[in-house]
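*Asks:* Numbering (UniProt numbering), first residue to last: 1 to 689.
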Amino acid sequence: FLMERKTHVKTNRKEVMLAKLRKSCTCTPQKLKNFLMDFFPVLRWLPKYRCKEYIWGDVMSGLVIGIILVPQAIAYSLLAGLKPIYSLYTSFFANIIYFLMGTSRHVSVGIFSLISLMVGQVVDRELLLAGFDLNDDASPASGDGSLQNDNLSNTTAFNLTIVGINAECGKECYAIGIATALTFMAGVYQVLMGIFRLGFVSMYLSESVLDGFATGASLTILTAQVKYLIGIKIPRSQGHGMLVITWINIFRNISQANLCDVITSAICIVVLVTAKELGDRYKHKLKFPLPTELVVIVVATLVSHYGKLNEVYASSVSGAIPTGFIPPKVPEFNLMLRVALDALPLAIVSFVFTVSLSEMFAKKYAYTIRANQEMFAVGFCNIIPSFFHSFATSAALAKTLVKTSTGCQTQISGVISAMVVLLVLLFLAPLFYSLQKCVLACIIIVSLRGALRKFRDVPARYHVNKVDTLVWVVTMSASALVSTEIGLLVGIVFSMLCIIVRTQRPRTALLAQIQDTSFYEDDLEYENLSTVPKVKIFRFEAPLYYANRNYFLKSLYRLTNLDPNLEAARRKKYEKKEKQHLKKGNHRTPNGLGIGETTLQLVPKQIEFQALVVDCSSISFLDTTGVNTLKEILKDYKNLNISVLLACCNPSVIDSLKRGGYFGKDFGCMQEMLFYSIHNAVLFAKDQK
Numbered sequence: 001f002l003m004e005r006k007t008h009v010k011t012n013r014k015e016v017m018l019a020k021l022r023k024s025c026t027c028t029p030q031k032l033k034n035f036l037m038d039f040f041p042v043l044r045w046l047p048k049y050r051c052k053e054y055i056w057g058d059v060m061s062g063l064v065i066g067i068i069l070v071p072q073a074i075a076y077s078l079l080a081g082l083k084p085i086y087s088l089y090t091s092f093f094a095n096i097i098y099f100l101m102g103t104s105r106h107v108s109v110g111i112f113s114l115i116s117l118m119v120g121q122v123v124d125r126e127l128l129l130a131g132f133d134l135n136d137d138a139s140p141a142s143g144d145g146s147l148q149n150d151n152l153s154n155t156t157a158f159n160l161t162i163v164g165i166n167a168e169c170g171k172e173c174y175a176i177g178i179a180t181a182l183t184f185m186a187g188v189y190q191v192l193m194g195i196f197r198l199g200f201v202s203m204y205l206s207e208s209v210l211d212g213f214a215t216g217a218s219l220t221i222l223t224a225q226v227k228y229l230i231g232i233k234i235p236r237s238q239g240h241g242m243l244v245i246t247w248i249n250i251f252r253n254i255s256q257a258n259l260c261d262v263i264t265s266a267i268c269i270v271v272l273v274t275a276k277e278l279g280d281r282y283k284h285k286l287k288f289p290l291p292t293e294l295v296v297i298v299v300a301t302l303v304s305h306y307g308k309l310n311e312v313y314a315s316s317v318s319g320a321i322p323t324g325f326i327p328p329k330v331p332e333f334n335l336m337l338r339v340a341l342d343a344l345p346l347a348i349v350s351f352v353f354t355v356s357l358s359e360m361f362a363k364k365y366a367y368t369i370r371a372n373q374e375m376f377a378v379g380f381c382n383i384i385p386s387f388f389h390s391f392a393t394s395a396a397l398a399k400t401l402v403k404t405s406t407g408c409q410t411q412i413s414g415v416i417s418a419m420v421v422l423l424v425l426l427f428l429a430p431l432f433y434s435l436q437k438c439v440l441a442c443i444i445i446v447s448l449r450g451a452l453r454k455f456r457d458v459p460a461r462y463h464v465n466k467v468d469t470l471v472w473v474v475t476m477s478a479s480a481l482v483s484t485e486i487g488l489l490v491g492i493v494f495s496m497l498c499i500i501v502r503t504q505r506p507r508t509a510l511l512a513q514i515q516d517t518s519f520y521e522d523d524l525e526y527e528n529l530s531t532v533p534k535v536k537i538f539r540f541e542a543p544l545y546y547a548n549r550n551y552f553l554k555s556l557y558r559l560t561n562l563d564p565n566l567e568a569a570r571r572k573k574y575e576k577k578e579k580q581h582l583k584k585g586n587h588r589t590p591n592g593l594g595i596g597e598t599t600l601q602l603v604p605k606q607i608e609f610q611a612l613v614v615d616c617s618s619i620s621f622l623d624t625t626g627v628n629t630l631k632e633i634l635k636d637y638k639n640l641n642i643s644v645l646l647a648c649c650n651p652s653v654i655d656s657l658k659r660g661g662y663f664g665k666d667f668g669c670m671q672e673m674l675f676y677s678i679h680n681a682v683l684f685a686k687d688q689k
């Protein structure tokens with residue numbers, strides 16, 4: 001039977017687009033109100049805030065995250081190649097802006113190790129091109145922690161005529177200029193992606209690509225911190241192969257290791273790892289995680305200050321961290337042009353991590369987020385702070401897990417965290433002057449435990465899916481051995497190539513009937529199936545398009561043990577020889593057979609079937625080449641008196657076949673060529689003479 005298709009009314013796309021445009025261009029008070037409430041979600045949820053129910057969890061989680069943020073912000077400044085004060089600015093502004101614009105109640109947006117690394121690589125490259133020395137191990141300038149003294153600590157002035165800035169600017173000034181320009185461009189990209197609804201870009205970053213990228217970047221971060229751990233002074237490597245070059249320099253200079261830094265690093269790592277392991281083991285008994293990083297930083301700062309580790313043992317310390325806020329400044333346009341390309345992967349990675357975490361926790365706690373608004377939120381978390389000497393931000397998994405475990409209920413938790421950071425910015429920052437850099441490096445390295453543990457998951461990942469494991473390995477290797485940006489690009493391209501290859505060479509099978517049923521399955525995979533006499537059932541588990549056309553034909557000919565083209569050629573050859581002998585008056589063929597016997601000989605012995613059923617249930621679409629391929633096999637098998645029947649075609653495949661003329665001009669033979677189940681096609685084939 002042939003099911004009757006519904007008639008769909010064709011819509012005029014031009015009129016629809018014009019109607020939408022007119023609707024979006026009209027402005028009414030209600031529409032303006034809805035726009036503001038959508039753009040600032042805080043206006044919707046804050047009036048409904050249940051203070052008695054939510055406030056305690058928000059305050060506790062905000063305080064804990066704020067306490068964690070301070071040491072991490074100071075530590076991650078090493079990754080970004082910037083002063084710690086800029087990391088504190090970043091943490092403060094990101095939390096405030098996300099409170100106003102974010103739709104996720106639980107994610108912690110702020111400074112993130114992978115983003116800091118990507119910023120730091122661009123900053124280092126531009127500093128090197130501008131002629132600055134990348135060695136950041138010079139003795140810190142003494143001072144009272146004021147902004148003025150900190151600015152005077154830039155010992156090298158450089159005339160920035162190379163970027164069209166006719167002003168004297170030191171290394172630190174130029175570094176933060178590059179970081180803010182990069183951050184501004186990343187935010188602009190994210191806002192534009194939100195305006196044009198390009199959130200689908202994140203679909204091309206699979207879980208394997210993201211995990212591989214994070215693990216490879218973690219190896220790069222680990223490598224960059226080793227010199228601080230052991231207190232050696234080596235140049236900061238730039239460009240491709242930074243990981244290998246850095247390790248070579250480390251082993252060349254290992255004899256210069258600072259014993260004080262080595263001992264301090266060993267003690268800090270033991271304390272941090274032990275505390276983390278105990279926290280993980282007894283987390284169900286703890287109301288909130290132990291602020292181990294803060295305790296380590298406070299104790300290490302006191303020991304360094306009163307033990308005079310910098311003066312006596314030449315241990316590298318953080319130096320003066322100013323208090324207060326630097327006056328805002330517009331990012332330099334000329335610098336934006338230099339880093340415009342670098343900002344694109346930064347924008348994509350920042351957005352993908354934020355949205356994926358937002359969706360994960362929204363699903364866990366049964367509420368919804370708006371991915372497009374998240375893109376706007378992250379974009380403005382980059383654009384606005386870039387005017388206040390901040391760099392790029394993203395959501396971070398570790399801090400988000402801590403927020404949820406300490407009772408976070410709404411975005412107010414982020415405001416509390418921002419207040420803790422503000423307290424440090426206004427009053428407490430100078431107290432970290434004597435903090436050793438090796439302690440900060442220990443905090444960074446211990447925070448990488450989650451990403452580095454992915455290596456333990458490789459066997460399980462390989463058992464689940466070998467292709468995904470290969471994508472992970474390739475992305476991780478490229479991110480670590482080449483560069484993070486190239487690694488991300490390689491991972492995306494390689495994962496897409498894997499999909500293409502899998503559709504080029506998909507599974508194919510001949511089906512047999514499950515006994516006493518109307519169902520059919522792969523004869524090689526299941527026992528006790530019965531083959532259908534005189535009928536071959538072929539399944540192709542992929543779309544049929546130009547890239548896999550040849551594989552489709554080769555698989556069909558191999559499994560059915562019949563190439564219709566070769567068989568037709570063989571028959572023509574025999575017919576030609578037969579005609580030649582008949583013309584000569586010889587009634588016997590070259591084989592010594594009579595004409596009647598020749599007719600029998602021409603019927604190929606290997607043809608064991610009279611009908612071919614193609615199971616199209618796994619063919620999601622056909623392109624022009626795919627339609628022509630099916631028309632070709634229809635014609636070729638028809639010449640051998642073998643009928644070709646299609647089963648289980650979806651509507652789009654049927655439409656493609658109709659447009660391609662597969663069923664003829666008037667579709668008169670459609671009922672005899674198309675079937676809605678394999679069993680119907682088999683029954684029809686059996687009824688044929």
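All C-beta atoms in this analysis are idealised placements derived from N, C-alpha and C, irrespective of residue type, glycine included.
#1: Does the separation of the CB atoms of LEU630 and ILE654 fall below 8 Å?
#2: Curious, which full-length alpha helix (DSSP H) runs of at least 4 residues does the region 346-415 contain?
#3: By DSSP's criteria, VAL614 is part of a beta bridge. Which residues make up the other side?
#4: Please return the same chain residues whose Cβ sits closer than 6 Å to the Cβ of SER358, not counting the five positions on each side in sequence.
#5: Along the alpha helix (DSSP H) that carries ILE74, what are the first and last residues, could you check?
#6: Using the rule of at least 16 other Cβ atoms within 10 Å of the residue's Cβ for burial, across every protein chain shown, is LYS605 buried or exposed?
#7: Within 10 angstroms of its Cβ, does PHE538 collect 16 or more other Cβ (buried), or is it exposed?
#8: Can you tell me where the alpha helix (DSSP H) with ASP687 in it begins and where it stops?
#9: Just curious, the beta strand (DSSP E) that LEU425 is in, first and last residue?
#10: Is it the case that the region 516-523 contacts the region 488-503, given that we only count it when at least three CB pairs across the two stretches are under 8 Å?
#11: Measuring CB atoms only, is the region 78-91 touching the region 185-197, in the sense that at least three cross pairs come out at less than 8 Å?
#12: Alpha carbon to alpha carbon, what distance is there between GLN238 and LEU309?
#13: Would a C-beta distance cut-off of 8 Å place SER479 and GLY216 closer than the cut-off?
#14: With DSSP as the reference, please indicate the residues paired to GLU521 in a beta bridge.
#15: Assuming the contact rule is C-beta atoms closer than 8 Å, residue 692 and ALA685 should be a hit. Round their C-beta distance to whole Å, please.
#16: According to DSSP, simplified to helix, strand and coil, what is VAL482?
#17: Go ahead and pull the three-state DSSP assignment for GLN504.
#18: Just curious, the alpha helix (DSSP H) that GLU277 is in, first and last residue?
#19: According to DSSP, is VAL107 helix, strand or coil?
#20: Return the residue from the list GLU53, ILE384 and GLY120 that minimises the CA-CA distance to ALA80.
#21: Report buried or exposed for LEU82, applying the criterion of at least 16 other Cβ atoms within 10 angstroms of its Cβ.
#22: Let me know the secondary structure DSSP gives VAL627 once reduced to three states.
#23: Between which two residues does the alpha helix (DSSP H) harbouring LYS658 extend?
#24: Which class does LEU489 belong to by DSSP, given the choice of helix, strand or coil?
#25: With distances taken from CA atoms, which of TYR637, ASN258, LEU683 and ASP615 is nearest ASN650?
#26: By the 10 Å Cβ neighbour count, where 16 or more other Cβ atoms means buried, how is GLU126 classified, buried or exposed?
#27: Applying the criterion that 16 or more other CB atoms from any shown protein chain within 10 Å of the CB defines a buried residue, is TRP56 buried or exposed?
#28: Just the Cα atoms here: how many angstroms apart are LEU622 and PHE540?
#29: Determine the contact status of ILE74 and VAL123, defining contact as a CB-CB distance below 8 Å.
#30: Excluding the 5 residues flanking SER677 on each side, which residues of the same chain have their C-beta closer than 7 Å to its C-beta?
#31: Using a Cβ-Cβ cutoff of less than 7 Å, which residues in the same chain neighbour ASN12 once the five nearest sequence positions on both sides are dropped?
#32: Determine the burial state of GLN411: buried for a count of at least 16 other Cβ atoms within 10 Å of its Cβ, exposed for fewer.
#33: Run the CB neighbour count on residue 723, radius 10 Å, all protein chains shown included, and call it buried at 16 or more, exposed below.
#34: Could you tell me the distance, in whole angstroms, from the CA atom of ALA509 to the CA atom of LEU559?
#35: Short of 6 Å in beta carbon distance, which residues of its chain neighbour SER656, apart from the five on each side in sequence? Order them along the chain.
#36: Compute the distance between the beta-carbons of THR220 and LEU205, then report whether it is under 8 Å.
*Replies:* With the structure as the only source:
#1: Position 630 of the sequence shown, counted from the start, is the residue given in the question as residue 630. Position 654 of the sequence shown, counted from the start, is the residue given in the question as residue 654. No; because the gap between Cβ atoms is not below 8 Å, this pair is not in contact.
#2: 371-386 and 397-405
#3: Taking the sequence shown and counting its residues from 1, one reaches residue 614 at position 614. Per DSSP, PHE538 and LEU646.
#4: In the sequence shown, the residue the question calls residue 358 occupies position 358. Excluding sequence neighbours, SER358 sits near SER104, VAL107, ILE369 and GLU374.
#5: Position 74 of the sequence shown, counted from the start, is the residue given in the question as residue 74. Looking at the DSSP string, the run of the alpha helix (DSSP H) that includes ILE74 is 51-80.
#6: Here residue 605 is taken as the residue at index 605 of the sequence shown, counted from 1. Unreliable positioning characterises LYS605 in this predicted model, as indicated by a pLDDT of 46, which lies under 50. A coordinate reading is not provided.
#7: Sequence index remark: in the sequence shown, residue 538 carries index 538 (1-based). By the neighbour-count rule (16 or more Cβ atoms within 10 Å), PHE538 is buried.
#8: Within the sequence shown, residue 687 is the residue found at index 687, counting from 1. Residues 678-687.
#9: As a first step, residue 425 must be located in the sequence shown, where it is residue number 425. Taken as a continuous stretch (DSSP letters only), LEU425 belongs to no beta strand (DSSP E), as it is neither H nor E.
#10: no
#11: no
#12: Taking the first residue of the sequence shown as position 1, residue 309 is located at position 309. Taking the first residue of the sequence shown as position 1, residue 238 is located at position 238. C-alpha separation (whole angstroms): 30 Å.
#13: Within the sequence shown, the letter at position 479 stands for residue 479. Within the sequence shown, the letter at position 216 stands for residue 216. In this structure, GLY216 lies closer than 8 Å to SER479 by Cβ.
#14: Sequence index remark: in the sequence shown, residue 521 carries index 521 (1-based). DSSP output for GLU521 lists ALA512 as bridge partner(s).
#15: In the structure displayed, the chain extends from 1 to 689; residue 692 sits before or after that span and is not available.
#16: Residue 482 sits at position 482 when you count from the first residue of the sequence shown. VAL482: coil per DSSP, three-state reduction.
#17: Taking the sequence shown and counting its residues from 1, the one referred to as residue 504 is at position 504. GLN504: helix per DSSP, three-state reduction.
#18: What you label residue 277 is simply residue 277 of the sequence shown in a count that begins at 1. Where GLU277 is concerned, the enclosing alpha helix (DSSP H) stretches over 259-281.
#19: On the sequence shown, residue 107 is found 107 positions in, with the first residue counted as 1. Of the three classes helix, strand and coil, the one that applies to VAL107 here is coil, per DSSP.
#20: Taking the sequence shown and counting its residues from 1, the one referred to as residue 80 is at position 80. Checking every option, the nearest Cα to that of ALA80 belongs to GLY120.
#21: Here residue 82 refers to the residue found at position 82 when the sequence shown is read from its first residue. Buried, because 16 or more other Cβ atoms sit within 10 Å of the Cβ of LEU82.
#22: Numbered from 1 along the sequence shown, position 627 holds the residue referred to as residue 627. Helix at VAL627.
#23: Taking the sequence shown and counting its residues from 1, the one referred to as residue 658 is at position 658. Unbroken alpha helix (DSSP H) run through LYS658: 651-659.
#24: The residue you call residue 489 lines up with position 489 of the sequence shown. Helix at LEU489.
#25: Within the sequence shown, the letter at position 650 stands for residue 650. When only C-alpha atoms are compared, the closest one is ASP615.
#26: If you number the sequence shown from 1, residue 126 lands on position 126. So GLU126 ends up on the buried side.
#27: Within the sequence shown, the letter at position 56 stands for residue 56. With fewer than 16 Cβ atoms within 10 Å of its Cβ, TRP56 is classed as exposed.
#28: Within the sequence shown, the letter at position 622 stands for residue 622. Within the sequence shown, the letter at position 540 stands for residue 540. Going by the C-alpha atoms only, they are around 12 Å apart.
#29: Against the sequence shown, residue 74 aligns to sequence position 74. Against the sequence shown, residue 123 aligns to sequence position 123. Cβ distance not < 8 Å, so ILE74 and VAL123 don't count as in contact.
#30: As a first step, residue 677 is located in the sequence shown; it is residue number 677 there, counting from the start. Excluding sequence neighbours, SER677 sits near ALA647 and CYS648.
#31: Numbered from 1 along the sequence shown, position 12 holds the residue referred to as residue 12. Answer for ASN12: no residue qualifies.
#32: Position 411 of the sequence shown, counting from 1, holds the residue named residue 411. So GLN411 ends up on the buried side.
#33: Shown here, the chain extends from 1 to 689; a query on residue 723 therefore has no answer.
#34: Here residue 509 is taken as the residue at index 509 of the sequence shown, counted from 1. Here residue 559 is taken as the residue at index 559 of the sequence shown, counted from 1. One C-alpha to the other measures close to 7 Å.
#35: Here residue 656 refers to the residue found at position 656 when the sequence shown is read from its first residue. These residues qualify, in order along the chain: LEU622 and VAL627.
#36: To locate residue 220, count along the sequence shown from 1; it is residue 220. To locate residue 205, count along the sequence shown from 1; it is residue 205. No, the pair does not count as a contact, with Cβ atoms beyond the cut-off.
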